Amino acid sequence: MWKIFIAQEWRKLLASLAVCAFFLFFWLKGPLQVAPEVLRHEHSKSRFTIPKLVKHGETEAIRTFRAIRTETDDCFGCGLIPDKKAERPAFGLLATDASNPGLSKALAAKILAHSRQFVADSLHLELLPSFDLYYALSGQGIGNRELYLESAEVVQGIRGYAGPVDVGVVLAEDGRIVSLHHIGSEETASYLRRISQAGFYRQFAGLRLSDGAQEVDAVSGATLTSEAIAGTLTALSRKATPYPLSNYLETGNTVFFSVDAVLSRVWIAHAAVIFLLFFYGLQRRWKKSKRGMLVLQLVSVVYIGFFLNNSFTYVSFIHPFIGTSVSALVGLYAFFCLLGAVWGKNTYCKYVCPFGNAQRLLLRFSPVKPKRFFIPDKCLYRIRSGLSVVLIAGVLLGLRSWSNFELFPDLFGLEWLSFWFFAAVACVALTVYFPMIWCRLLCPTGSVLDWLSDAVKIRKNSR
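Take 3 as the starting number for the sequence shown in this note's numbering and just add one per residue.
Structure below.
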């Protein structure tokens with residue numbers, strides 16, 4: 003027994019070191035995946051590209067890369083001898099909707115419709131093409147023109163929680179941002195509503211493209227979405243530089259323009275509350291009384307659930323592998339969850355998760371006697387594990403909408419008109435008859451953390 007205990011403690015220590023290394027690596031270096039370069043031009047010299055001087059006024063054989071022929075040069079001075087006498091036909095790049103989606107007809111119609119919705123002078127709008135994007139121009143003369151740009155199909159490689167976030171921006175002639183708008187995304191509806199209600203988009207109004215790097219306050223509980231919106235605006239301005247921005251706006255050098263969404267220092271207080279919940283679950287010095295557990299469950303549901311609407315999900319594990327950056331709050335949250343799985347047999351699911359605690363509170367005060375589920379626990383574990391493997395593989399393969407397979411944000415976001423809100427309420431209500439049915443049968447986050455807990459556990463019959 004003593005040897006098993008020592009071996010298990012060593013396993014936990016090694017697992018903790020691996021978790022710390024994983025955490026620090028992605029904290030310092032960021033996500034592994036970066037946006038691929040669509041086109042890159044490099045200047046290089048080789049023996050085929052270096053110009054060569056030849057004599058004039060004589061007839062001689064000139065050896066070229068493709069052929070040997072005779073050429074007479076009667077002009078004054080020296081020059082390059084052409085490979086062929088006949089002129090080469092004109093050539094160029096063929097741009098289609100498939101190769102250049104930023105100039106597709108379908109997108110042009112959408113941009114024109116959106117510009118009529120967001121631009122003040124919608125009666126005098128003109129849709130124009132640039133190199134690889136469309137833009138809408140309004141106004142009847144110099145001094146009152148506005149420019150509308152949109153990131154859909156133009157900005158690639160910037161992702162929020164569930165994928166790209168498309169935005170539209172209205173710019174004044176002096177290079178000032180008039181307004182910023184959400185156009186479309188796969189983000190959870192509650193996160194988008196939280197961002198809108200927090201006045202996040204209004205922070206961009208008044209920023210100037212000529213003022214270089216600037217910051218806005220990210221929305222706690224929707225940090226990844228906030229960062230994606232700011233990053234998308236930055237990338238869109240780069241795409242539109244120098245044209246069409248320099249054509250119509252007094253922007254100066256927009257190459258240095260950027261906007262970052264940064265959490266205020268309030269996130270430290272949020273992280274401290276989350277840490278205390280984990281600490282209470284992990285510690286063994288004080289007995290976990292019914293009153294103490296009730297306080298913990300209420301703090302979890304009210305503070306993390308309704309106030310922050312922030313949770314650790316299975317997608318947090320794979321964000322670094324799909325090109326999504328992680329904020330300081332989400333990073334520490336994930337770090338606490340991983341260490342809790344190593345040292346406390348999945349502390350997050352037992353003590354911290356607001357969705358699980360909402361079910362426990364209902365069980366605590368319910369007069370109904372729960373029933374035993376008709377599927378054995380081992381089968382429940384296997385079903386949940388299989389579902390988790392499928393979801394993780396799908397997200398890694400590019401099905402980013404699968405990352406929304408979590409009822410947490412729909413329940414605490416109070417999305418009354420959403421199907422998933424009613425599904426979340428039904429799962430919580432069903433726990434009166436079949437305790438913790440979501441956690442035991444469907445929750446991918448709990449499955450991943452259980453895998454980690456099982457990996458460091460040594461069974462008594464192990465040798």
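Where a beta carbon is used, it is the ideal one built from N, C-alpha and C, also for glycine. None of these values were measured; they are calculated from a predicted model.
Taking 6 Å as the cut-off, is the C-beta of residue i nearer than that to any heavy atom in the ligand PLP?
i           : result
residue 214 : The ligand content of the structure shown is nil, which means the ligand PLP is not present either.
Less than 6 Å between C-beta atoms, sequence neighbours within five positions excluded: which residues of the same chain meet that for residue i?
i           : result
residue 426 : 409, 412 and 413
residue 337 : 25
residue 458 : 13, 14, 17 and 344
residue 387 : 449
residue 236 : 260 and 261
residue 495 : Examination of residue 495 is not possible in this model, given that the chain is present from 3 through 465 alone.
residue 432 : 439
residue 183 : 120 and 170
residue 394 : none
residue 2   : Outside the shown range of the chain (3 to 465) lies residue 2, about which nothing can therefore be said.
residue 307 : 356 and 414
residue 406 : 164 and 190
Here's the rule: buried if 16 or more other CB atoms are within 10 angstroms of the residue's CB, otherwise exposed. What is residue i?
i           : result
residue 446 : buried
residue 356 : buried
residue 270 : exposed
residue 108 : exposed
residue 440 : buried
residue 122 : exposed
residue 245 : exposed
residue 454 : buried
residue 400 : exposed
residue 367 : exposed
residue 177 : buried
residue 466 : This structure gives no information on residue 466, because the portion of the chain shown stretches from 3 to 465.
residue 291 : exposed
residue 392 : exposed
residue 251 : buried
residue 27  : exposed
residue 402 : buried
residue 301 : buried
residue 229 : buried
If residue i sits next to residue j, beta carbons under 8 Å apart, how far is it from one beta carbon to the other, in whole angstroms?
i           : j           : result
residue 200 : residue 218 : Going by Cβ atoms, the distance from residue 200 to residue 218 rounds to 11 Å, so no, they are not a contact pair.
residue 211 : residue 239 : 6 Å
residue 156 : residue 135 : 5 Å
residue 303 : residue 360 : 5 Å
residue 330 : residue 265 : 7 Å
residue 234 : residue 172 : Wrong, their Cβ atoms sit about 15 Å apart, outside the cutoff.
residue 437 : residue 372 : 5 Å
residue 224 : residue 196 : 5 Å
residue 299 : residue 384 : The pair is not a contact, with the Cβ atoms about 29 Å apart (cut-off 8 Å).
residue 354 : residue 283 : 7 Å
Can you give me the Cβ contacts of residue i inside the same chain, cut-off strictly under 7 Å, excluding the 5 residues immediately before and after it?
i           : result
residue 451 : 339, 343, 348, 350 and 351
residue 113 : 129, 136, 138 and 152
residue 305 : 275
residue 272 : 222, 310 and 331
residue 404 : 393, 396 and 397
According to DSSP, residue i sits in a beta bridge with which residue or residues?
i           : result
residue 195 : Beta-bridge pairing links residue 195 to no other residue.
residue 216 : 261
residue 395 : In DSSP, residue 395 forms no bridge with anything.
residue 210 : 178
residue 301 : According to DSSP, residue 301 bridges with nothing at all.
residue 296 : Answer is none; residue 296 lacks a bridge partner.
residue 173 : 149 and 179
Here's a check: name, in chain order, each residue in its chain whose Cβ is nearer than 8 Å to the Cβ of residue i, leaving out the five neighbours to either side.
i           : result
residue 389 : 444, 446 and 449
residue 382 : 375, 442 and 443
residue 21  : 337, 340, 341 and 344
residue 213 : 259
residue 181 : 120, 171, 172, 203, 206 and 207
residue 148 : 121, 122, 123, 139, 140, 141, 172, 173, 174, 175 and 180
Determine the extent of the alpha helix (DSSP H) in which residue i is found, giving its start and end residues.
i           : result
residue 164 : Segment: none, residue 164 is in no alpha helix (DSSP H) and carries neither H nor E.
residue 346 : Unbroken run through residue 346: none, as it is neither H nor E.
residue 113 : 107-120
residue 228 : 225-241
residue 447 : 446-457
residue 429 : 421-432
residue 272 : 268-284
residue 412 : 410-414
residue 249 : 247-250
residue 441 : 439-443
residue 356 : 356-367
residue 370 : Counting along the chain, residue 370 falls outside any alpha helix (DSSP H), and DSSP gives it neither H nor E.
residue 320 : 317-320
If you follow the beta strand (DSSP E) that residue i is in, where does it begin and where does it stop?
i           : result
residue 131 : 127-131
residue 180 : 179-187
residue 140 : 136-140
residue 150 : 148-152
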